[in-house]
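Student:
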Amino acid sequence: MNPETSALHPSSRPVPSPWLSVVLPCFNESEVINETHRRVVAVCQSVGRPYEIIIVNDGSRDDTWSKLRQLTTQDPQLVAVNLSRNHGHQAALSAGLHFTRGERILIMDADLQDPPELLPEMLRQMDGGVDVVYAQRRSRRGDAVLKRIFCAIYYRLLQRLADNHIPLDTGDFRLISRRVRDLIVAMPERQRFIRGMVSWVGFRQEPILYDREARFAGETKYPFSKLAALAVEGILSSSGKPLRIALPVGLMAITMSLVFGIYALASRFFVHRTPQGWASLLCAVAFFGGAQLVVLGILGEYLGRIYEQTRARPIFLVDSVLRTTDEIPPPAAEKPGLS
Ligand code: UDP
Ligand code: MG
Numbered sequence: 124m125n126p127e128t129s130a131l132h133p134s135s136r137p138v139p140s141p142w143l144s145v146v147l148p149c150f151n152e153s154e155v156i157n158e159t160h161r162r163v164v165a166v167c168q169s170v171g172r173p174y175e176i177i178i179v180n181d182g183s184r185d186d187t188w189s190k191l192r193q194l195t196t197q198d199p200q201l202v203a204v205n206l207s208r209n210h211g212h213q214a215a216l217s218a219g220l221h222f223t224r225g226e227r228i229l230i231m232d233a234d235l236q237d238p239p240e241l242l243p244e245m246l247r248q249m250d251g252g253v254d255v256v257y258a259q260r261r262s263r264r265g266d267a268v269l270k271r272i273f274c275a276i277y278y279r280l281l282q283r284l285a286d287n288h289i290p291l292d293t294g295d296f297r298l299i300s301r302r303v304r305d306l307i308v309a310m311p312e313r314q315r316f317i318r319g320m321v322s323w324v325g326f327r328q329e330p331i332l333y334d335r336e337a338r339f340a341g342e343t344k345y346p347f348s349k350l351a352a353l354a355v356e357g358i359l360s361s362s363g364k365p366l367r368i369a370l371p372v373g374l375m376a377i378t379m380s381l382v383f384g385i386y387a388l389a390s391r392f393f394v395h396r397t398p399q400g401w402a403s404l405l406c407a408v409a410f411f412g413g414a415q416l417v418v419l420g421i422l423g424e425y426l427g428r429i430y431e432q433t434r435a436r437p438i439f440l441v442d443s444v445l446r447t448t449d450e451i452p453p454p455a456a457e458k459p460g461l462s
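For what it's worth, our numbering labels the leading residue of the sequence shown as 124, then goes sequentially.
1) Could you tell me the distance, in whole angstroms, from the CA atom of P173 to the CA atom of L201?
2) Using the Cβ count rule (16 or more neighbours within 10 Å means buried), how would you classify P126?
3) P148: buried (16+ other C-beta within 10 angstroms of its C-beta) or exposed?
4) Within the continuous alpha helix (DSSP H) that includes A215, where are the two ends?
5) Using the beta-carbon count (16 or more within 10 Å), is P346 buried or exposed?
6) Excluding five sequence neighbours on each side, which residues of the same chain lie with their C-beta closer than 7 Å to the C-beta of K364?
7) Do V163 and R220 come within 9 Å of each other at the CB atom, strictly closer than that value?
8) Classify Y386 as buried or exposed, calling it buried when 16 or more other Cβ atoms lie within 10 Å of its own Cβ.
9) Hey, how far is the Cα of V256 from the Cα of M379?
10) Alpha helix (DSSP H) containing E431: first to last residue?
11) Assuming T293 and A258 form a contact by the criterion Cβ under 8 Å, report the distance between their Cβ atoms to the nearest whole angstrom.
12) Taking the alpha-carbon positions, what's the V444 to E431 distance?
13) Would the beta-carbon of E152 be found less than 8 Å away from any heavy atom of ligand 1?
14) In this structure, does DSSP put D286 in helix, strand or coil?
15) With distance defined between alpha-carbon atoms, name the residue in T223, I228, Y333 nearest to G265.
16) Can you have a look at T187 and say buried or exposed, based on whether 16 or more other CB atoms are within 10 angstroms of its CB?
17) Taking all protein chains shown into account, do 16 or more other C-beta atoms lie within 10 angstroms of the C-beta of Q236, making it buried, or fewer, making it exposed?
18) Rounded to whole angstroms, how far is the Cβ of I331 from the Cβ of M245, which I believe are closer than 8 Å?
19) What three-state label does DSSP hand S322 in the structure shown?
20) Should A463 and E158 be called a contact, given that it needs their Cβ atoms to be closer than 9 Å?
21) Nearest to V253 by CA position, among P141, K270, R297, V382, is which residue?
22) Please tell me whether E336 and Q213 are closer than 9 Å, where the distance is taken between their beta carbons.
23) R304 lies in the alpha helix (DSSP H); which residues open and close that run?
24) Within 10 angstroms of the Cβ of M249, are there 16 or more other Cβ atoms? Answer buried if so, exposed if not.
25) For the segment 142-175, which segments carrying the beta strand (DSSP E) assignment without a break, of at least 3 residues, lie completely within its bounds, in sequence order?
26) Tell me whether V408 is buried or exposed, calling it buried when 16 or more other Cβ atoms sit within 10 Å of its Cβ.
27) Which two residues bound the contiguous alpha helix (DSSP H) that contains R192?
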């Protein structure tokens, strides 16, 4: 085990087993991390039950980790997990979930676009027997216009394609019950789209509406390329429908070629004129060449995921875990860098 794991700070004292866990993945969030920690602590304290805050440093290149180290010396409820490198948001979230011990788990971003102050209302909703309270964006003033349009179209497409119901305009900001957390952690897939996985689990899931503000400081860690990759991941991990696109496209092509063949024969025998047109021929060849490549590309995407899965590498690798007490045992069945 890494020497930093379970490091004992001078302020060390026993911490009661938490009832509530808050998970925050962060990548280069040095500008916001102190403020986020302060606001999350304030909300957790107002709840009045034992809690823990798990912040996962996803291979940040700024001084996020040194700030987290500093925070752990002041806050015995804080568990800081340092991943071996940048594994991506969804893997970092998976790492955070792995370390949670609470009965209820709040998942949120570290940039304060997800207001932690929603927590008491979410807890009340869960008191009524709900397993997942997901925060649905009523508005997203904080995001760029292009991103808002992209997301609006994407969430609707995802909902149509997904095999199970995925709510519209909903990110990973949600409160989940222990049993939902256990099921998600036990899922073996390497490519993780947590919101799709949570929807798939089922039980009672209810929305809570909120307005998404701009991030507190810093820039988005989701440039368009990463966002597009997450979008593709969402569809491919939630649906097998793209695989079936070849059949209707092929049937359409056969129908079109039959119609065109009949037209060509009729022209030849009744009008005594063979239809002309290398341009239309070229268009048809190019169209079907393109359609075949698209279908091959879709097959390749699924095949790549099968390849990743058969390699069975861990989803994330943990460098170290910092907490101010050694009273917290590592989660059961913990392997280094597990997944
Ligand atoms: N994040 C992460 N690893 C990454 C990218 C992002 O842990 O590789 C974290 C980031 O620090 C933030 C959350 O994921 O807490 C969402 O990222 P961001 O706010 O930049 O995305 P946006 O809200 O702009 O879509
Ligand atoms: Mg954000």
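Beta carbons: idealized from backbone N, C-alpha and C, even for Gly.
Tutor: According to the structure data:
1) 12 Å
2) Caution applies to P126, whose pLDDT of 36 falls short of 50 and renders its modelled position unreliable; the model cannot decide the point.
3) buried
4) 212-222
5) exposed
6) L284
7) Correcting the residue type first, residue 220 is Leu in the shown sequence and not Arg. No, the pair does not count as a contact, with Cβ atoms beyond the cut-off.
8) exposed
9) 49 Å
10) 401-434
11) 7 Å
12) 27 Å
13) yes
14) coil
15) Y333
16) buried
17) buried
18) 6 Å
19) helix
20) The shown model of the chain, from 124 to 462, leaves out residue 463, and the question about it has no answer.
21) R297
22) no
23) 301-309
24) buried
25) 143-149
26) exposed
27) 187-197
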